[in-house]
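Asker:
If you want it as structure tokens, here you go:
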């Protein structure tokens, strides 16, 4: 069975767990079997936390943590100094970091990782489209674009439907979220091609 | 027709509760409670259930309120975890001995100390002698399905015992996974109405609750309770059979996974069984004759059936996710080994205590265990019988 495994690094209160739930939702809507689970350490705001996704075409019965992920998402770049975010990351996989810096700037902090390195300025993108610091939306789009765990077109259609349902009473939010997803995916694709 | 959805184990259990719409849900709303009453509070607020939702000041009181409600003829439920279950301890024995078919959902977690919020079976295993039926789940689907079966088992006329529906704390309770839900109508039809033959103030058939039992009578009540626990075995299988007919998913006392010709096997519970299945698959692909048994029902313990399933295996590792401090292995090992004691040929058997306080259990761990079992099967020598697996210091590891 082919299982895609993704690891999220963030800080308590920043929404890495929520982002992994959103990714699971997107994959679920596309017909996949999903797992989304956090690893709980000390419960305090700002502490490093890890969350995980497994995405597959059949139910995955494995319930351990993920040690050799295909992809890693770093929601808070200050973690690069204290957490070994590329630990076990497959060389043919990739890491995406929420940062205004370029991949080349951050590579020295990644312990010689040879796979794909991408950055997304989730702060700038979410402020532009959503009017506030909501890094989850861009990070979700970035990991979908990089991993193609869901076909991007299907992803956009499903998200439009999900947002229309969730923000039925706030239609202006729907447009901003969709634009944010779209622009993030576009920028990531440019990085991947460049 | 099942409904494809995705949710956590907590939401799955809360959904089952909503569909059943019990008369009373008594709960303590603060840590170490679970999200289950939080979900249920929303169902109450949204008018999706007409349950009497009682917030009390402790778990001792939540179980006491359930006892009062059940004694009055209501269907009563609650949910808890960890130290909350320990705090219920006294009242669990009252509920069971008063033969009140309360259903209690438990997100199984470690007990202090050191202080730890993560998963193991310290809490539920400590209550194994309380008189509750205990049913364990591998994932959210099983937690949901077990819950749907719980009331009928509990309320069976010759059983009338409370049931603990156990899910793995965090690993199942907080993990989102796919699930097949059943419709509200189908669930209601399956679970049915509760019509107790007697209760406290039922005029035509009243019930005495909580009487004093002098030495001349106490033992008879306990024997009757023990008989009820034996009867629960029939009820569990009967309800599982009807569940399979109705919803298509099969359950028993335990699940046998690739056991037909297995020479080495592990006996395990909960979410770890799923992880271990992946290891069994890999080893089977290499031609190894390995299998596993996932124990679903721990109380009543299916000793005869388990012995039958293990009798042709050469070497068995029983995996305990709680440390019983018996100096002789954990509770699942004690039960499994004693179940096999009168077999004419029985497997060599060791106990492996693992996963305490959320220590992760992996496919690689399982393979190490099977490699060890292969050696035991070859040599007939068990070596150390009571082992801890997955410690920080590799030098402490026997395997």
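Protein chains in written order, with the working numbering: chain R, 122 to 315; chain E, 6 to 404.
Where is the CB? At the ideal position from N, CA and C, for every residue including glycine.
Since the model is a prediction, treat every value here as computed from it, not as a measurement.
Could you name each continuous alpha helix (DSSP H) segment of 4 residues or more that falls completely within the region 270-333 of chain E, going from the start of the chain to the end?
Answerer: List check, alpha helix (DSSP H) in window: 276-290, 308-315.
Asker: Tell me whether residue 262/E is buried or exposed, calling it buried when 16 or more other Cβ atoms sit within 10 Å of its Cβ.
Answerer: Within the second chain, residue 262/E is the residue found at index 257, counting from 1. Burial call: buried.
Asker: Apply the 10 Å Cβ neighbour rule to residue 124/E and answer buried if 16 or more other Cβ atoms are within range, or exposed otherwise.
Answerer: Residue numbering aside, residue 124/E sits at position 119 when the second chain is read from its first letter. By the 10 Å Cβ count, residue 124/E comes out buried.
Asker: Starting from residue 96/E, trace the alpha helix (DSSP H) both ways and give me its first and last residue.
Answerer: As a working note, residue 96/E is residue 91 in the second chain. 87-102 is the extent of the alpha helix (DSSP H) around residue 96/E.
Asker: Among the candidates 253/E, 308/E, 224/E, whose CA atom is the shortest distance from the CA of residue 343/E?
Answerer: The sequence position of residue 343/E within the second chain is 338, counting from 1. Nearest C-alpha to residue 343/E: 308/E.
Asker: So what's residue 10/E in DSSP terms, helix, strand or just coil?
Answerer: For the purposes of this step, residue 10/E is taken as the residue at position 5 of the second chain. Strand, per DSSP.
Asker: Just to make sure I have the definition right: I need the residues of chain E whose C-beta is within less than 7 Å of the C-beta of residue 183/R. Which are they?
Answerer: For the purposes of this step, residue 183/R is taken as residue 62 along the first chain, with counting starting at 1. Ordered by position in chain E, the residues that pass the 7 Å Cβ test against residue 183/R are 279, 280, 283, 368.
Asker: Could you check where the beta strand (DSSP E) with residue 4/E kicks off and where it finishes?
Answerer: The requested residue 4/E is not part of the displayed model; chain E covers only 6 to 404.
Asker: Taking any Cβ of chain R, which residues in the region 168-202 of chain E have a Cβ under 7 Å from it, in chain order?
Answerer: The residues in question are 175, 176, 179, 180, 181, 182, 183.
Asker: Using 8 Å as the cut-off, can you tell me whether the region 100-113 of chain E makes contact with the region 161-175 of chain E, which would need three or more C-beta pairs spanning the two stretches below that distance?
Answerer: In short, these stretches touch, since the Cβ pair count reaches three.
Asker: Kindly give me the distance between the Cβ atoms of residue 183/R and residue 368/E, rounded to whole angstroms, as I take these residues to be in contact under 8 Å.
Answerer: Taking the first residue of the first chain as position 1, residue 183/R is located at position 62. Taking the first residue of the second chain as position 1, residue 368/E is located at position 363. Their Cβ separation, rounded to whole angstroms, is 6 Å, which keeps residue 183/R and residue 368/E in contact under 8 Å.
Asker: Is it true that the region 16-27 of chain E meets the region 290-307 of chain R, where meeting means three or more beta-carbon pairs spaced less than 8 Å apart?
Answerer: Verdict: no, contact absent.
Asker: Cα-Cα, which of 75/E, 69/E, 117/E, 82/E is closest to residue 94/E?
Answerer: Against the second chain, residue 94/E aligns to sequence position 89. It is 69/E whose Cα lies nearest to the Cα of residue 94/E.
Asker: List the whole-angstrom C-beta distance separating residue 170/R from residue 160/R, where the pair is believed to meet the contact cut-off of C-beta under 8 Å.
Answerer: In the first chain, residue 170/R corresponds to position 49, counting from 1. In the first chain, residue 160/R corresponds to position 39, counting from 1. Confirmed, Cβ separation roughly 7 Å.
Asker: What span of residues does the alpha helix (DSSP H) with residue 39/E cover, start to end?
Answerer: Within the second chain, the letter at position 34 stands for residue 39/E. Careful: residue 39/E lies outside any alpha helix (DSSP H) and carries neither H nor E.
Asker: Bridge partners of residue 220/E, per DSSP?
Answerer: In the second chain, the residue the question calls residue 220/E occupies position 215. Its beta-bridge partners do not exist; DSSP assigns none.
Asker: So residue 418/E and residue 322/E are in contact, right, with Cβ under 8 Å, and what is the actual spacing, rounded?
Answerer: Beyond the ends of chain E as shown, which are 6 and 404, falls residue 418/E; an answer cannot be given.
Asker: Out of 173/E, 88/E, 47/E, 320/E, which one is the CA nearest neighbour of residue 185/R?
Answerer: For the purposes of this step, residue 185/R is identified with residue 64 of the first chain, where counting begins at 1. Of 173/E, 88/E, 47/E, 320/E, the residue nearest in Cα terms is 173/E.
Asker: Could you tell me if residue 402/E is buried or exposed, where buried requires 16 or more neighbouring beta carbons within 10 angstroms of its beta carbon?
Answerer: Counted from its first residue, the second chain places residue 402/E at position 397. Exposed.
Asker: For residue 312/R, report the span of its beta strand (DSSP E) as first-last.
Answerer: For the purposes of this step, residue 312/R is taken as the residue at position 191 of the first chain. Counting along the chain, residue 312/R falls outside any beta strand (DSSP E), though it belongs to the alpha helix (DSSP H) covering 292-314.
Asker: With C-beta atoms as the reference, is residue 131/R less than 8 Å away from residue 196/R?
Answerer: Taking the first chain and counting its residues from 1, one reaches residue 131/R at position 10. Taking the first chain and counting its residues from 1, one reaches residue 196/R at position 75. A contact, by the Cβ cut-off of 8 Å.
Asker: Exposed or buried, which one is residue 24/E when buried takes at least 16 other CB atoms within 10 Å?
Answerer: Walking along the second chain from the start, residue 24/E turns up at place 19. So residue 24/E ends up on the buried side.
Asker: Just how far apart, CA to CA, sit residue 75/E and residue 204/E?
Answerer: Start at 1 with the first residue of the second chain, and residue 75/E comes out as number 70. Start at 1 with the first residue of the second chain, and residue 204/E comes out as number 199. About 8 Å.
Asker: Just to confirm, are residue 180/E and residue 14/E a CB contact at a threshold of 8 Å?
Answerer: For the purposes of this step, residue 180/E is identified with residue 175 of the second chain, where counting begins at 1. For the purposes of this step, residue 14/E is identified with residue 9 of the second chain, where counting begins at 1. Yes, Cβ-Cβ distance for residue 180/E and residue 14/E is below 8 Å.
Asker: Check the Cβ-Cβ distances between residue 26/E and every residue of chain R, and say whether any is below 8 Å.
Answerer: Within the second chain, numbered from 1, the residue matching residue 26/E stands at position 21. Output row for residue 26/E: interface = no.
Asker: State the CB to CB distance for the pair residue 269/E and residue 318/E, rounded to an integer number of angstroms; the pair is presumed to be in contact (CB under 8 Å).
Answerer: Taking the second chain and counting its residues from 1, one reaches residue 269/E at position 264. Taking the second chain and counting its residues from 1, one reaches residue 318/E at position 313. Going by Cβ atoms, the distance from residue 269/E to residue 318/E rounds to 7 Å, so yes, they are a contact pair.
Asker: Look at the Cβ atom of residue 291/E, then the Cβ atom of residue 258/E, and state whether they are nearer than 8 Å.
Answerer: Counting from 1 along the second chain, the entry for residue 291/E is found at position 286. Counting from 1 along the second chain, the entry for residue 258/E is found at position 253. Not a contact, by the Cβ cut-off of 8 Å.
Asker: Using three-state DSSP, classify residue 173/E as helix, strand or coil.
Answerer: Within the second chain, numbered from 1, the residue matching residue 173/E stands at position 168. Note: residue 173/E maps to strand in three-state DSSP.
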